[in-house]
Every structure is written in structure tokens, then in C-alpha cells.
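Colleague: Those protein sequence lines, which keep their order, are chains W and Y.
Going by the working numbering, the first residue of the first sequence is number 31, and it counts up by one from there.
Going by the working numbering, the first residue of the second sequence is number 20, and it counts up by one from there.
Dropping a structure here in C-alpha cells format, bear with me for questions.
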Amino acid sequence: MTKNSSSIDTKNVKIDVHYLTRVEGHGNIVVDVTDGKLTKCEFQVIESPRFFESMLVGRSIWEAQHITSRICGICACGHSLASIKAGEDALGIMPSDETIMLRKLLLYFEQMDSHILHIYFLVAPDLLGVKSVMPLIKTHKPVVEMALRMKRMSDYGGEVLAGRHIHPISYVIGGLTKLPSKDGLKKLHKLMLEARKDGEKTVKILKKLKFPVFERPTQYMSLANDEEYAMYDGDLTVNGGNRASDKNYRKVFTETVLDYSRAKIATINGKSYAVGALSRFNNNSDKLNERAKAVAAELGLKAPCHNPYLNTVAQLVEWVHCLEESIVIIGKILKDGLNKDKILVSSWPKRSEADKIKYKPNTGIGCVEVPRGSLFHEYTIDETAHITQANCVIPTNQNMGNLEDDMRKIVPELLGKKTQEQITLGLEMLARAYDPCISCATHLLDVKFING
Amino acid sequence: MKKRPRPKVAFFDFTDCEGCQLQFANMGRTFLELTKLVKIVNFREIMSERGQDYDIAIVEGSISTDNDIKRIKEIREKAKILVAFGSCATIAGVNAIKNRSPLEVAKKTVYGDKANTINTINAMPLDKVVKVDYYILNCPPYIPEIIAVLKSILMGKPYPLPNYAVCVECKMNENVCRYEKDEECMGPVTRAGCNSWCINNGNRCYGCRGLVENPAANGHKEILLKYGLKLEDILQHFTLYNDSAGEKYDKEFK
Chain W
31 MTKNSSSIDT
41 KNVKIDVHYL
51 TRVEGHGNIV
61 VDVTDGKLTK
71 CEFQVIESPR
81 FFESMLVGRS
91 IWEAQHITSR
101 ICGICACGHS
111 LASIKAGEDA
121 LGIMPSDETI
131 MLRKLLLYFE
141 QMDSHILHIY
151 FLVAPDLLGV
161 KSVMPLIKTH
171 KPVVEMALRM
181 KRMSDYGGEV
191 LAGRHIHPIS
201 YVIGGLTKLP
211 SKDGLKKLHK
221 LMLEARKDGE
231 KTVKILKKLK
241 FPVFERPTQY
251 MSLANDEEYA
261 MYDGDLTVNG
271 GNRASDKNYR
281 KVFTETVLDY
291 SRAKIATING
301 KSYAVGALSR
311 FNNNSDKLNE
321 RAKAVAAELG
331 LKAPCHNPYL
341 NTVAQLVEWV
351 HCLEESIVII
361 GKILKDGLNK
371 DKILVSSWPK
381 RSEADKIKYK
391 PNTGIGCVEV
401 PRGSLFHEYT
411 IDETAHITQA
421 NCVIPTNQNM
431 GNLEDDMRKI
441 VPELLGKKTQ
451 EQITLGLEML
461 ARAYDPCISC
471 ATHLLDVKFI
481 NG
Chain Y
20 MKKRPRPKVA
30 FFDFTDCEGC
40 QLQFANMGRT
50 FLELTKLVKI
60 VNFREIMSER
70 GQDYDIAIVE
80 GSISTDNDIK
90 RIKEIREKAK
100 ILVAFGSCAT
110 IAGVNAIKNR
120 SPLEVAKKTV
130 YGDKANTINT
140 INAMPLDKVV
150 KVDYYILNCP
160 PYIPEIIAVL
170 KSILMGKPYP
180 LPNYAVCVEC
190 KMNENVCRYE
200 KDEECMGPVT
210 RAGCNSWCIN
220 NGNRCYGCRG
230 LVENPAANGH
240 KEILLKYGLK
250 LEDILQHFTL
260 YNDSAGEKYD
270 KEFK
């Protein structure tokens, strides 16, 4: 090991960040530079494997949403929606337009919730030179209060729409088990209008923060559609090019096992790619609403942006977009009301009908854009609607190869200019910029250390 | 008046989705109030500080690797009070669904030919390995209950868990019984305390808080059979969160 991490050594750098903090789940960063040569550059996932895909086998399709929302506490709504879409695809159920509108709304709140958590609790401390939000309670109390208020607003949105934001209750295959209450929607609408001010302040804050300068163009994948900034549905696109149906996701990218890391890494045409807010922004920024476009302009974010650190800025742009879209939708619901006949369903088939339903063995695929990128669920069911095979492709898994390629480019750039301590922080910040959600990364393997 | 020193609190997570910890960030201003009463010294999800000196350890997630066993024992040694937080920590939760099939099958399904590199053991609640002082149930934990348990801890009092069924709270909330609606529900055998959260929202109870101490399981099974369920489905309802009940009911039901 290098003796003094705060001195500059151009030849030897060994970084071993064990249990990276301020990310969701457990991950390590390991970098080994010996005699000026980068021999190892890995983001290792050490979360205990959770086996969701095997847990689903043998369970009824009607409870898949309940189980898979438990993959992740942050993206619980996204997992629910991908699961519901896959279930409906397998069962041949078409939800009503009203139901789809309410699903989009829930997804907007999840984007807002996760993005604000990431911006204030996970990223901002690095840019303000502190270790966490805790010391900021003393030094920047109004800002912390504002961050908690913004977090609470989006969490309350989940509560009004789905009963709760973490592991939503009322969103199920076919529709909702309960309509959002009018009083709740009214209060939410008011909170959202008030949140505009907090959003404007956040833009001012972010504008003052200095993000590291780094560029590496890559392949940016996201959903896209002609009507809107795609979140709930659309086709897959890479760098805005030819679109492919999300049902053909296995043809768009491949998951390969790489020997050096023993982790499954997804690639497009043999190369790593990125998903998430920056990819969506790069592919679809022309579909953002006017306020979100104005914020992107104010923060200097232009598509295509090749600096992964600016994913955080794209998240704030999306926060504004989602807030404005939600204000419009909820305003419309408050004016027109909801047609319960088109929305309400029971979470499972009625008992007296359960035995009469004939199911056809089938495979269903569901994809939605969750805060960290495109999420896929795929289930195969038998003639009793029990799952025989399940596959979940998680954004964090898809980003892993891209993050490592970024690390491989940035380490030599910093070598000899920065201390080991500064390089370590730079890499931690890079990993955090991707907002990795490792609990979700069900595919990844345990990795043994070489430099331990 | 001299202020008493704030007890130091550390958060730890094992195998789970980290949604339990997030409930703290979802408390809004209450979270700030809480930081006046306790000093948070370790909370990896949102902090880089890693205080190793703490009085209260709030631990979420199931034990599911050999290394987890080692880690939870170390935490137990340092903490004066250990709180099991959420379904995965208190009853092993959905993680334990994998216990119902041989681990080799689970590994092969997810990791294919790399299966043998995976270290995993049956998912367990914390109290299978160490002594637990307080339990905060639910998936995800119910914020009013989190606060009630924290109050008890700070006052040095025990927090007795309700030992009656979710139905009691559900009736008080004036919900129409799921069975009346031609549906089914785990409410009759599940421990109360969530204020019938899922049923209030039009869904059914899935049993995430664990079963009451002496559930009328056979009676429940009879009712479900009467409603046309197959035995395997009934067992799946009982074991979605409650693997520990699985072995018992595997024998009793069949």
C-alpha cells in the first residue's frame, strides 16, 4: 500500500473503498495502479444475493407485484409498475386510460422522491465538503428542512395515490384497489404548488456547486415515444437512434459474464452503455415541459451531455418536469373526477371465480423508466397463472460496465495530479453520480478481494 | 437545566431492500426532532461517518450469509440495545421464500453456471443469531409504530407487541371484510399494530407482521379451503413472510 495517501504518487495508487457510503446497498471500489500501470479498476458488488427470480418461481402472478416491490425500498413503485405491466402482458389484460394516467403519476412521484434523496442526501455533502447531511443540520438548517420537505411531499404523493410510497398497496394488475381520496389530492396539489419555490431554490443551490469536469461519450439507452418524455412506456432507443420494442430488450442488449469481475455486465454491440436521468435527458430533452427546459438551460445542461457527474443535474431537471406534469394531471383529476368503474379492481380474482378462469401459458414483459434507468421484468406463467420463470434486469446492473469504463478513463487523468485521497473521493463521487442501487442488482455476484 | 447526553444511534443493514431506513427520511420534520433526542453516528445509506461507538443499534435485513452472522454478533457486542427493524429482521420476511426450495436450486436459477461462487445460507431473522431487545415489525415499518417503539426505548420501558389479529383494527376502521367481498385475507391470523394499512387501501393482508402467538391456523385453513383455495396456495399465503411457520404448517396442514 502507498504510505501516505495525501501525497502525490504518479506510479502507485491502491484504492480499496470498503462499503461505499451514501449509496443504496453494499459496494466496493477497488483500483490498483502499480508502476504507473492500471491493473485493476472495479466496482464490486457485495450485497448478499437475494434470489428474487427464484423466489418468484411457483408463486401466483397475482402476487408478483407484492413480492417484487420488495426488491428495492427506493424504487418500490417502479418495480411494482414493471411487474404489473409484465403480468398484464402475460395475462392479456389491458388497463384503462385512467389507470395508466394514475400509474404515470405514481412514477413521477417516485422519480421526484428518489432524485431529491440523491441530490440532497447522497451527492450534496460531497460538493459541500462534508461527510453527510448530519453536519448540515447545524450549518445549513433551512436547506435541510427544505430537502426534508421536498422528500416528504413526494412521499406523501405515494401515500395519497397508492397507500404508501415504499411498497405501494393499491396499484395492482388491471387497475387500483382504491381510488385516491379527493382531500388527499387537494392537499397534494397545494403542496406541489408550494414545492415550486423549493425547486427554484434548489436550482440556485445546484448552480453554485462545482461538479467535477470529465467527459466520456458512451451509448445512452432509454425509452422514447412521440407523445411525451418517456417514463411509463415507449420503445427503446440508443443515442436517439432506431427504436426497438421493449419486448425485444434481449435483442437490444446482452448480459455477459466477464471473467475479471465475475459480475454479469450488460452491453450493447459489445460495449458498455448508460441508463438513467442523463440518458433520458440526452435522448428525449426536446419532450421536456417548458419549465424543465428552462431549468436545464439555466444549469447549462445540453444534450448530448457526456459528463456522468452531471447525472445529478439531469435529475433536478427531471424533478421539475415531473412536478409540472403532476400538477397538470392532478389539476385535471380535481376538475373532472375519476371514473371508478374504469379503475377499481380487486387485487386477485374473486374467490368464486378463481377456479373458472382459464389461463394460457404465456410470457409477459414489462419495462418502465425508474429513477436509475430502464427496468425490465419478464415472467412466464403456466395454465394456473403460477410463474415458471422470472427475469428482472435492473438499471444498476446495466450501468456497472459504463461506470467501470469511466473509472478506467478518469484514473490515468488524475494520476500524478491528485493525491490518492482526492482520487478516491473523485471515484466515490463518480459511483454516487450513477446513484447505484445495489439491493436491486440481483444478478451480481460476490467478489473476492485481491488486495483485500 | 443540564441536558442529558443524547444516546448514540447506529443503523445497520443486512439482506433487504433498505426501505426501512428510508422511512426515517420520510418522516419529514419529525426526523429533525428526533436528532434532538438521539445522536445518529452511523447510517451508511446517507452518511459517510462510521461511528463505532453506539448505544442503540437499529438493524434491518435478514441474516443470509456466514459473514452476516459474524457481523451481527459484533454489533450485538457493542450495542447496549439492539432493535430488529422491519419484516426481514424480525421474521426473515420475503427473503425466506428462498428457504422453501433447496438453496442449490435458487442459486442455479439466478446465477447459472456461476452458482457455486455464491455464499448463501437460509435467510434468518436476527433473533435466530443474537438477542433482540426491541422489535419494530411491518414491511415497510409503520411510522407511528417506529416512533412509539423509539419513545419506549428512550424512556427505558418495554414495548409490548399487540397479540391480537389485524381484524380488530380493521373492524375499528370500518372496512368491509375481504371475505364478505369474495376475496381472502391473512388478517385473521396476523399480528395487529399496522392499523390494517393494506386493507384500508383496498388490498388484503399478506401477513408481513408475522402471525399472532397462537393463530387459529387450522380454522383459517378450513375457511380458505371452503373458499376454494388449494392447499399449496394456503401454505404460500402462510409462508410469504413467515417461513418460520412453514415447517409447522407443512406438517399440520398436509
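Glycine included, every Cβ here is placed at the ideal spot set by N, Cα and C.
Keeping to the same chain, check which residues put their C-beta closer than 7 Å to that of GLY80 of chain Y; ignore five residues upstream and five downstream.
Modeller: Stepping through the second sequence from its first residue, residue 80 of chain Y is reached at position 61. Around GLY80 of chain Y: ASP32, PHE33, THR34, ASP35, CYS107 and ALA108.
Colleague: Name the residue from W:ASP412, W:ASN432, W:GLU443 and W:LEU444 whose alpha carbon lies nearest to the alpha carbon of ALA461 of chain W.
Modeller: Counting from one through the first sequence, the residue named residue 461 of chain W turns up at place 431. That would be W:ASN432, whose Cα lies nearest to the Cα of ALA461 of chain W.
Colleague: Could you list the residues in the segment 121-138 of chain W with a C-beta less than 8 Å from some C-beta on chain Y, going in chain order?
Modeller: If the cut-off is 8 Å between Cβ atoms, the segment 121-138 of chain W has nothing near chain Y.
Colleague: Any Cβ of chain W within less than 8 Å of the Cβ of GLY70 of chain Y?
Modeller: The residue labelled residue 70 of chain Y in the question sits at position 51 within the second sequence. Answer no: the Cβ-Cβ gap between GLY70 of chain Y and chain W never drops below 8 Å.
Colleague: Applying the 10 Å Cβ sphere with the 16-neighbour rule, what's the burial state of GLU355 of chain W?
Modeller: Here residue 355 of chain W refers to the residue found at position 325 of the first sequence. It is buried - the Cβ of GLU355 of chain W has at least 16 other Cβ atoms within 10 Å.
Colleague: Could you tell me whether the Cβ of HIS336 of chain W comes closer than 8 Å to any Cβ of chain Y?
Modeller: For the purposes of this step, residue 336 of chain W is taken as residue 306 along the first sequence, with counting starting at 1. No, because no Cβ of chain Y sits closer than 8 Å to the Cβ of HIS336 of chain W.
Colleague: Output needed for CYS352 of chain W: all residues of its chain with C-beta closer than 7 Å, excluding positions within five of it in sequence on either side, in chain order.
Modeller: Residue numbering aside, residue 352 of chain W sits at position 322 when the first sequence is read from its first letter. So the qualifying residues of the chain are TYR138, GLN141 and MET142.
Colleague: Would you verify that the beta carbon of MET66 of chain Y is, or is not, closer than 8 Å to some beta carbon of chain W?
Modeller: As a position in the second sequence, residue 66 of chain Y is number 47, starting the count at 1. Yes, MET66 of chain Y counts as interfacial toward chain W.
Colleague: Under 8 Å by Cβ, that's how I've got CYS204 of chain Y and ARG223 of chain Y pegged, so tell me the actual separation to the nearest angstrom.
Modeller: The residue labelled residue 204 of chain Y in the question sits at position 185 within the second sequence. The residue labelled residue 223 of chain Y in the question sits at position 204 within the second sequence. About 4 Å separates the two Cβ atoms, so the contact holds.
Colleague: Against ARG280 of chain W, what residues of chain Y qualify as contacts under a CB-to-CB distance less than 9 Å, listed in chain order?
Modeller: For the purposes of this step, residue 280 of chain W is taken as the residue at position 250 of the first sequence. None at all; the shortest Cβ gap to chain Y is about 15 Å.
Colleague: Pull out every residue of the segment 180-193 of chain W whose Cβ sits closer than 8 Å to any Cβ of chain Y, in chain order.
Modeller: LYS181, ARG182, ASP185, ALA192 and GLY193
Colleague: Please list, in chain order, the chain B residues whose beta carbon lies closer than 9 Å to that of GLU164 of chain Y.
Modeller: You won't find chain B in this structure, because its protein chains are W and Y.
Colleague: If the cut is a Cβ gap below 7 Å, which residues of chain Y does TRP378 of chain W touch?
Modeller: Along the first sequence, read from residue 1 onward, the residue named residue 378 of chain W stands at position 348. Correct list: GLU202.
Colleague: Give me the chain Y residues within the contact set of HIS197 of chain W, using Cβ-Cβ distance strictly less than 7 Å, ordered along the chain.
Modeller: In the first sequence, counting from the first residue as 1, residue 197 of chain W sits at position 167. Those within 7 Å of HIS197 of chain W in chain Y are GLY38, CYS158 and PRO159.
Colleague: Look up TYR138 of chain W in the DSSP assignment and give the residues it is bridged to.
Modeller: Sequence index remark: in the first sequence, residue 138 of chain W carries index 108 (1-based). None, per the DSSP bridge assignment.
Colleague: Rounded to whole angstroms, what is the Cα-Cα separation between ARG438 of chain W and ARG89 of chain W?
Modeller: By 1-based counting over the first sequence, the position of residue 438 of chain W is 408. By 1-based counting over the first sequence, the position of residue 89 of chain W is 59. Straight-line Cα distance between these residues: approximately 42 Å.
Colleague: Is it buried or exposed, TYR183 of chain Y, if we count other Cβ atoms within 10 angstroms and call 16 or more buried?
Modeller: By one-based count along the second sequence, residue 183 of chain Y stands at place 164. Exposed, since its Cβ has fewer than 16 Cβ neighbours within 10 Å.
Colleague: Cutting at 7 Å between CB atoms, please list the residues of its own chain near SER275 of chain W, excluding the five before and the five after it.
Modeller: Residue mapping note: residue 275 of chain W aligns to position 245 of the first sequence, counting from 1. Closer than 7 Å at the Cβ level, and outside the excluded window around SER275 of chain W, lie ASP265.
Colleague: Here's the rule: buried if 16 or more other CB atoms are within 10 angstroms of the residue's CB, otherwise exposed. What is GLY117 of chain W?
Modeller: Along the first sequence, one-based indexing puts residue 117 of chain W at 87. Buried, since its Cβ has 16 or more Cβ neighbours within 10 Å.
Colleague: What residues of chain Y sit near CYS102 of chain W, judged by a beta carbon separation below 7 Å?
Modeller: Counting from one through the first sequence, the residue named residue 102 of chain W turns up at place 72. What CYS102 of chain W touches in chain Y: CYS36.
Colleague: What is the DSSP secondary structure of SER291 of chain W, reduced to helix, strand or coil?
Modeller: Within the first sequence, residue 291 of chain W is the residue found at index 261, counting from 1. Low confidence applies to SER291 of chain W: its pLDDT is 47, below 50, so where it sits in the model is not reliable enough to give any reading.
Colleague: Quick one: what's GLU399 of chain W bridged to in DSSP?
Modeller: Counting from 1 along the first sequence, the entry for residue 399 of chain W is found at position 369. In the DSSP assignment, GLU399 of chain W forms a beta bridge with W:SER404.
Colleague: Answer with yes or no whether the minimum CB distance from ASN261 of chain Y to chain W is below 8 Å.
Modeller: Taking the second sequence and counting its residues from 1, one reaches residue 261 of chain Y at position 242. Not closer than 8 Å to any Cβ of chain W, the Cβ of ASN261 of chain Y fails to qualify, so no.
Colleague: Can you tell which of W:LEU457, W:SER211, W:MET85 and W:ASN392 has its C-alpha closest to the C-alpha of LYS364 of chain W?
Modeller: What you label residue 364 of chain W is simply residue 334 of the first sequence in a count that begins at 1. Checking the sequence, you will find Leu at residue 364 of chain W rather than Lys. Comparing Cα positions, the closest option is W:SER211.
Colleague: Measuring only between beta-carbons, confirm whether GLU354 of chain W sits less than 8 Å from chain Y.
Modeller: For this step, residue 354 of chain W is matched to residue 324 along the first sequence. No, no contact with chain Y.
Colleague: Applying a beta-carbon distance threshold of less than 8 Å, which residues of chain W neighbour PHE50 of chain Y?
Modeller: Start at 1 with the first residue of the second sequence, and residue 50 of chain Y comes out as number 31. The answer, in chain order, is LEU178.
Colleague: Round the Cβ separation of LEU86 of chain W and ILE417 of chain W to the nearest angstrom and send it over; I've been treating them as touching at under 8 Å.
Modeller: Residue 86 of chain W sits at position 56 when you count from the first residue of the first sequence. Residue 417 of chain W sits at position 387 when you count from the first residue of the first sequence. Between the beta-carbon of LEU86 of chain W and that of ILE417 of chain W there is about 5 Å, and that keeps the pair under the 8 Å contact cut.
Colleague: Would you please verify whether the beta carbon of TYR73 of chain Y is less than 8 Å from any beta carbon of chain W?
Modeller: In the second sequence, residue 73 of chain Y corresponds to position 54, counting from 1. For TYR73 of chain Y, the answer is no, since every Cβ of chain W falls outside 8 Å of its Cβ.
Colleague: Just the Cα atoms here: how many angstroms apart are TRP92 of chain W and GLU199 of chain Y?
Modeller: Reading the first sequence from its first residue, position 62 is the one you call residue 92 of chain W. Reading the second sequence from its first residue, position 180 is the one you call residue 199 of chain Y. When rounded, the distance between both Cα atoms is 20 Å.
Colleague: With DSSP as the reference, identify every bridge partner of PHE30 of chain Y, one or two as the case may be.
Modeller: For this step, residue 30 of chain Y is matched to residue 11 along the second sequence. Answer is Y:PHE62 and Y:ILE77.
Colleague: Is ILE424 of chain W near the ligand GTP, in the sense that its beta carbon is under 7 Å from a heavy atom of that ligand?
Modeller: The ligand GTP is absent from the structure shown, which contains no ligands of any kind.
Colleague: Going by other Cβ atoms of all chains shown within 10 Å of its Cβ, with 16 needed for buried, is GLY446 of chain W buried or exposed?
Modeller: Reading the first sequence from its first residue, position 416 is the one you call residue 446 of chain W. Exposed, by the Cβ-count rule.
Colleague: Quick one: using the 10 Å Cβ neighbour count with 16 as the cut-off for buried, is MET261 of chain W buried or exposed?
Modeller: Position 231 of the first sequence, counted from the first residue, corresponds to residue 261 of chain W. Buried, because 16 or more other Cβ atoms sit within 10 Å of the Cβ of MET261 of chain W.
Colleague: Note down the Cα distance separating ILE146 of chain W from LYS27 of chain Y, rounded to an integer number of angstroms.
Modeller: Position 116 of the first sequence, counted from the start, is the residue given in the question as residue 146 of chain W. Position 8 of the second sequence, counted from the start, is the residue given in the question as residue 27 of chain Y. Approximately 27 Å, taken between the alpha carbons.
Colleague: Among residues of its own chain, excluding the 5 on either side of PHE257 of chain Y, which ones have a beta-carbon nearer than 6 Å to its beta-carbon?
Modeller: Walking along the second sequence from the start, residue 257 of chain Y turns up at place 238. The answer, listed in chain order, is ALA264 and TYR268.
Colleague: Looking only at its chain, what residues have a beta carbon closer than 7 Å to the beta carbon of LYS370 of chain W, apart from the 5 residues adjacent to it on each side?
Modeller: In the first sequence, residue 370 of chain W corresponds to position 340, counting from 1. The answer, listed in chain order, is LEU209.
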